[in-house]
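Have a look at the structure below, then the notes.
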Amino acid sequence: MSTSPGSASERSSLVGGVSAALGLSGIAALVWLWMLTATTIDPANWVRILGLAFLPVGIVGAVIAGTAGLRSAGRRYALFGLSAAAVTVIGFVLLITIYG
459 MSTSPGSASE
469 RSSLVGGVSA
479 ALGLSGIAAL
489 VWLWMLTATT
499 IDPANWVRIL
509 GLAFLPVGIV
519 GAVIAGTAGL
529 RSAGRRYALF
539 GLSAAAVTVI
549 GFVLLITIYG
């Protein structure tokens, strides 16, 4: 019986899953930014800041975890996370261009 916390393949697929989750959080923050910009929603400042804090965290985290997970068992999740980060960056640039 092994006392290690998990096998190497479980940990490597976890990195891909983290990349996917962070990429999705970046997209969610982009949608929140769009709602704040394009609609009449006016929440408290702490709610705005809390939602927008996930934009850079999601992008940077998805890229770091995605590049680490590309050569592992979680490759498809890492690719999804990297793609979600790219969509977030493109959407952010478009949002700034249109509403900026």
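Throughout, this note's numbering is defined as the position within the sequence shown, counted from one, plus 458. Every residue gets a Cβ at the ideal spot worked out from N, C-alpha and C, and that includes glycine. Computed from a predicted structure; not experimentally measured.
So, are the CB atoms of residue i and residue j less than 8 Å apart?
i	j	result
residue 544	residue 474	no
residue 520	residue 532	no
residue 491	residue 552	no
residue 549	residue 480	no
residue 497	residue 516	no
Whole angstroms are fine: how far does the CA of residue j sit from the CA of residue i?
i	j	result
residue 558	residue 542	23 Å
residue 556	residue 518	24 Å
residue 524	residue 513	16 Å
residue 529	residue 478	15 Å
residue 483	residue 476	10 Å
residue 499	residue 493	7 Å
residue 485	residue 508	14 Å
residue 505	residue 522	27 Å
Looking at the unbroken alpha helix (DSSP H) that takes in residue i, where does it start and where does it end?
i	result
residue 524	512-527
residue 546	533-557
If we count the other Cβ atoms within 10 Å of its Cβ and call it buried at 16 or more, is residue i buried or exposed?
i	result
residue 495	exposed
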